[in-house]
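Report on the following structure.
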Amino acid sequence: MIIQFFSDTWLLWILLSIGGLLWWRGRDNQYFHYVFNRYWLALATLLLVSGIVFSLMEVLPGDCAEKYIAYKNTQGETITQADIQAERVRMGLDKSLPERWGRWVTNLTLRGDLGFSCAKRQSVNLALGDRFWMSFMFCMAGLLFAYLIAVPFGIFSAFTINKPWKDKNPQHSQVEQWIGTVMLSGQKVLDLLLRVISYLGLALPNFLLALTIILLYVFAGEPMPTGLFSDQWASVPWFGPNGFEMEKLYDFLGHIWLPIFVIGWSATALQLQTVRALVVDESSKLYVDAARARGVDGVALWAGYPVRHSISPLFNSIGFDFQRVFNDLPIVAVVIGLTDSAALLIEALSMTNDQELAAGILFLVALVVISMNFITDVVLAAIDPRVRKSVLGS
Amino acid sequence: MNALLARFGRKAKPEQNEESYYTAGQLALIKARFKQKTSGIVAAWILGTLVLMGFFAPFFSPVDPTINGADGEYRRGEPQVVFFWDKEGFSLRPFSYSYQKTTSKIDLKALAGGGLDALDALTSSGALSSSSQNKFTVDKTERRYLQLFVQGWEYSLIDLSVGGLDLDIRWDRHLFGVDKGQLHLMGTDEDGKDIFSRTLHAIWVTISIAIVALVVKLIASLFVGGVSGYFGGRVDTILMSITEAVRVIPPIPIYLACAVALSQIDLTPVQRYFAIAVVIGALDFATLGRRLRTHILTERNQDYVLAAQLCGSSTWRIIWRHLIPSFTSYIIVDTLINFPYVILAETSLSFLGLGLTEPVNSLGVLLQKAQDPDIQQNMIWQFFPVLVFVVLIMAFVFVGDALRDAADPYSEKK
Amino acid sequence: MMINQKISENLLEIRDLSIDFNTDEGLVRAVDNLSLSIRPGEVMGLVGESGSGKSITAKSIMQLAPGNAIIQHPSQITLNHREQAVNVLKLRGRDLRLVRGNAVSMIFQEPMASFAPAIRISDQIIQTMQIHLGYDKDQARRAGIELFDRVGIVDPAKRFDQYVFELSGGMRQRAMIAMALSTQPKLLIADEPTTALDVTIQAQVLDLMMELREQLGMAMLFITHDLGVVSKIADNVTVMQQGKVVEAGMADQVLFQPEHAYTRRLLDALPNLDNLPQAPAKTPAPLLSVTDLSISYPTMGSGRQREVYTAVKNINLDLPEGQIIGLVGESGSGKTSLGKAMLGAAPISSGTVEYHHTKKKVKFGATKAIKRKRLARTAQLVFQDPYSSLNPRMTVRDIIAEPLEAMKLTKSREETDQRVIEVARLCHIEVEHLRRFPHAFSGGQRQRISIARALVCKPKFIVADESVAALDVSIQAEILKLLKQLRDELGLTIMFISHDLSVIANLCDWVCVMKEGELVEQGTVRQIFLDPQQGYTQQLIAAIPLLHSPKGRQQRLPDLLQMAEYSANTVEQRLA
């Protein structure tokens, strides 16, 4: 009886105990007080998001009863309008929107139940399985890829901005001026090239990029790297009779790079702009000049001062970067033939009109973004003195 | 020498320029800074050309892009090259050739004879495969000379009748064309519609969607940001939590849901077009709205606003004379930077078949065709819109970049 | 490293330095043929106003000039270091470390901005020592804490590991000095190191610098606009105007027998306590009365935890009509809040402000809201910052006409224009400039525009909130002259808020001193400056950087070189 009660309400207890713990610690500790505030703010935002997502899905045509009855219809039963109405009442669809939303949210907060998908005729949690984690990993890998490219190039770009093409310093000798000019224009050209390449990622729509790469494979006569595995490896378990299947791993890596590359490249442009702006902003500050005046130079200067101070704001935006990358994922998933939650989302929205599934996936994305924002806020307040000062006072 | 040059440089500065600098408003200052960015200038020229060609697409395109202008004789045709000379000599006026469709010689008699060999021969010759459908022979003896300002189909150059004005300038001249037949610079599609002309027309359709979307977005953002920033307090808290919630949901799925809902309603193409633009714009208020709010909050605490208050200015006067002008330059820059993203949103929708659809000419529609394996393998010239699209977006991004760098005139105090 | 054959006895020698700025409008000369030399252990005061090229000169010694600055031929900066003459301008790469932080170090005007905000002060100092002295971390740490102790920071071990924003303004500048001294430089460049500080703290920091200089015997290039500060600290003085040296020589000579008119003008701006204006025979009737005024602002926190910061506490004050009343106090004393409250622009929590002699009586307080339009015609404000107080998107004409148009005081555009031109003439703004935008003007001209805007609707009372603080001394003098002229011609009552006692002494008839929200003392200028009653006022007056008499200075000069050697040895002993 009690076990049943707790297994039905486990999530609520976890949420409450985290909140309680934070509140308790925050009574005399400014930092935990801040964390507690952020925590309930995040929960409130989530509630709001669930409301928005739930009511948005109302615009999709059809409802659960119709789909269910339509399914029965294919099984050979004759259906009347009255049957549909009866089904609606049975499913609670005749209730008002706030009531249905209330029930959905209650189930969600009590035990993490995302509802029941009529089109798939199973619970949303089951239908998703680990597919959401797959999408999550894609996005994180794509983001990592974007950061790996954007951060060094963005710093480089910031380094060359506002520099002239020619070295006209009269204190340099003729030879020095000549070498300086070559160096400067070389840097400028490289910067331009890097920007063109990274902006190409933005200008080539994801689906086209994916298509073009697949097309190249077709022309080369190689098997297309669509999906996650080749047919021959799809059903082979990771641990075969000969231990870990390295071949399967290679096959997996041979496929997985494509979606990561595609979404990563398109995220690069924005990241590059952000990094460039941040570093330029920091490097024009007086403390950089002061560090220079103390004899700090070269890598120690750039890495230790402007770059180091740009990391926090960059880290702070990771939640929204994730959202932006996930935004691109569905279409790429369709083109590449992935079976993750992004592909499910497209299917649910544009083909099966599966409101519950779509709402569930969108809610999960929002959950990830909000959690990331929460984590970055909390972490930055702990480690960056500037943030700590602004959120906690002195 | 250098000192001399320096003095010369100083003297060379005309007095008039100085005065014009002093009497220059904020936008003029941004323009002056923008002019120093080489990549921005180049991109701006490319962008300007493309937009101009898009706006006057009927004038610049040699062929009617609709099904009326489709060239039934030249379906799936390759781009027609323009020459200045050939074996018969040089011509100052560029020319193209006429093309003839090779009718595949299907030996019906042999087939009728029931010979399997004949059928084999037919299939192996490739007459039935799609790749041979666009085999044309070039008739090199018949030159088609390029003409300027040729007469063609009638179109409206500027049509303001939509805006309630009774102004519709119609014309039938086109910048260039050939004397006989039609010129397909970038080839044709399955229906014989001219790719070049379609692309030109598509540019303006796409850009105008983006403009409508951005205007809607601007209105929504101004409303949210303005109300939130000016009133503050509880209104601010509520509005900002809503924007914060909207901001975390990925937009494309939401556009999708709205597009699906729209597809249930029976709409004319024009209505559908506006509906999509409005949806894209209205749901994108969160970021700009937030920024405007912060902007108003900081700007409101500037001394000059307090000065205006102490001068007895009313609230509306302060908003109208001081606050709104203070972010016009910011809004313009932000709008330009957002152009590519809105265009991408439109193409994404069209790609999924939920935005605009054939036979409307939009870059999204033309791009969608690029995923067709038939086109990828046999009609590579249908990637021309893709190229134009990429150039357009790149131009926007580079102009936006340069503008962003130029638009911060208060970074240094003069 | 470029090594010259001839070794001069000067530590630093700048010869024919010419610097151009590459701007939108072509090359602009910033420094023109400047020559200057500093001997070991000598303090050179480099005096000039903004735009005179003094900061860029200092920066070019460190090769820190911004990218658009072009150092022209045949400029030469030579540094004598370890028996070698090094041409600083030719240094490249790692050799630059010789002048950057090693032989030369620099203190900037804003200590807050010159420390990296997210790095502990300790790490920045330790890094510097590691680069130049090759100390290991513990060694550098011990030396750093000792330095902190030496520059007078209380609880040095704790402060050493803090971030810059955790220190107070004076502490920050002390930490900055400690950082500059950490590598035992031969030359310390100090770029307006005390300008951003309050008078009393400025005096403390100056004393500290003098003390350290005598102990360590290092040479100093002290850049400032304030001749009072220079007279306190410098041996030799170079005066710059618009990129050119107009006068140079021994401090006593330049300060007491100036030859150039510009130097004399700068000297005139200094307070002269022997020649304070006489107070009028009888005090005129008050124009406005402040009764039991308190102002408080809510601070951090929300709901029940909300705390209130009281900026002004129970002030009673009468402002005599037709006089200039000075309101003096250090930052945080509540003087600006008081000024704004008089205009109805600060939240009054209790008490009232009452204007007499207006057509209709204006009285407001915590409970009575004010009618802004009625007040706007009576009282106006001139702001501190001449940049942010003018809307950059409006022409000067529109800015000045704002009150007229906002309150619809004029009937036609012509009438408005006429009034604007009238006021512009009064404030010495050229009529042709009215169609320009504010970015075309310098600080002083902007402040004239600000004054013109305040005067356009013929108010009786003006609050000038630190209105000359951002301006150069010679420009200050012009604005002060204008204010006096306005008082005399229009019978204006002006409340002049300032932290700068020298300005107050030159301008005001009546002075009020504020500290931490309370009115400490008030009286005529002569009373306050010559016979201050309260301890705080005495402290303030004593901290004014006045010209020091020549006698006290000359004793110091002869044994400077000896001292330099002696103290260099002691430093090494202490730090080793």
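Chains C, R and F, in that order, are what the protein sequence lines are. Using this note's numbering, the first residue of the first sequence is number 1020, and each one after it goes up by one. Using this note's numbering, the first residue of the second sequence is number 118, and each one after it goes up by one. Using this note's numbering, the first residue of the third sequence is number 0, and each one after it goes up by one. For glycine and all other residues, C-beta sits at the position ideal for the given N, C-alpha and C. Small disclaimer: the values here were computed from a predicted structure and weren't measured.
Under 7 Å, do residue i and residue j count as touching if we go by C-beta distance?
i                      : j                      : result
residue 1057 (chain C) : residue 1084 (chain C) : no
residue 290 (chain R)  : residue 266 (chain R)  : yes
residue 509 (chain R)  : residue 167 (chain R)  : yes
residue 1350 (chain C) : residue 430 (chain R)  : no
residue 1369 (chain C) : residue 1291 (chain C) : no
residue 451 (chain F)  : residue 496 (chain F)  : no
residue 578 (chain F)  : residue 522 (chain F)  : Residue coverage of chain F in this structure runs from 0 to 575, which leaves residue 578 (chain F) outside it and unanswerable.
residue 158 (chain F)  : residue 140 (chain R)  : no
residue 506 (chain R)  : residue 156 (chain R)  : no
residue 76 (chain F)   : residue 87 (chain F)   : yes
residue 381 (chain R)  : residue 1080 (chain C) : yes
residue 1170 (chain C) : residue 1294 (chain C) : yes
residue 1359 (chain C) : residue 1202 (chain C) : no
residue 315 (chain R)  : residue 182 (chain R)  : yes
residue 371 (chain R)  : residue 331 (chain R)  : no
If we define contact as Cβ-Cβ less than 7 Å, is residue i a contact residue for chain C?
i                     : result
residue 100 (chain F) : yes
residue 72 (chain F)  : yes
residue 246 (chain R) : Bear in mind that a pLDDT of 48 at residue 246 (chain R), under 50, signals an unreliable position, so the model cannot answer this.
residue 367 (chain R) : yes
residue 151 (chain R) : no
residue 308 (chain F) : no
Return no unless some Cβ of chain R is closer than 7 Å to the Cβ of residue i.
i                      : result
residue 435 (chain F)  : yes
residue 387 (chain F)  : yes
residue 1048 (chain C) : no
residue 608 (chain F)  : Only positions 0 to 575 of chain F appear in this structure, which leaves residue 608 (chain F) out of reach.
residue 1080 (chain C) : yes
residue 447 (chain F)  : no
Can you check whether the C-beta of residue i is within less than 7 Å of a C-beta belonging to chain F?
i                      : result
residue 1044 (chain C) : no
residue 427 (chain R)  : yes
residue 1190 (chain C) : yes
residue 439 (chain R)  : yes
residue 1396 (chain C) : no
residue 442 (chain R)  : yes
residue 430 (chain R)  : yes
With H, G and I counted as helix, E and B as strand and the rest as coil, what does DSSP make of residue i?
i                      : result
residue 354 (chain F)  : strand
residue 532 (chain F)  : coil
residue 21 (chain F)   : strand
residue 241 (chain F)  : coil
residue 235 (chain F)  : strand
residue 294 (chain R)  : strand
residue 1019 (chain C) : Coverage of chain C is limited to positions 1020 through 1413, which leaves residue 1019 (chain C) absent and any answer about it impossible.
residue 1382 (chain C) : helix
List the whole-angstrom C-beta distance separating residue i from residue j, where the pair is believed to meet the contact cut-off of C-beta under 8 Å.
i                     : j                     : result
residue 403 (chain F) : residue 418 (chain F) : 6 Å
residue 420 (chain F) : residue 447 (chain F) : The pair is not a contact, with the Cβ atoms about 14 Å apart (cut-off 8 Å).
residue 501 (chain R) : residue 303 (chain R) : 4 Å
Q: Give a yes or no on contact between the segment 401-412 of chain R and the segment 340-353 of chain R, applying the rule of three or more CB pairs nearer than 8 Å.
A: yes
Q: Please determine if the segment 1071-1088 of chain C and the segment 1107-1121 of chain C are in contact, where contact requires at least 3 C-beta pairs separated by less than 8 Å.
A: Output reads yes: the segment 1107-1121 of chain C touches the segment 1071-1088 of chain C.
**Q.** At least three beta-carbon pairs within less than 8 Å, the segment 173-189 of chain F to the segment 95-113 of chain F
**A.** Touching, yes.
Q. Does the segment 518-538 of chain F come within contact of the segment 343-352 of chain F, defined as at least 3 CB pairs closer than 8 Å?
A. no
Q. Taking three-plus beta-carbon pairs below 8 Å as touching, is the segment 1371-1379 of chain C in contact with the segment 1134-1144 of chain C?
A. yes
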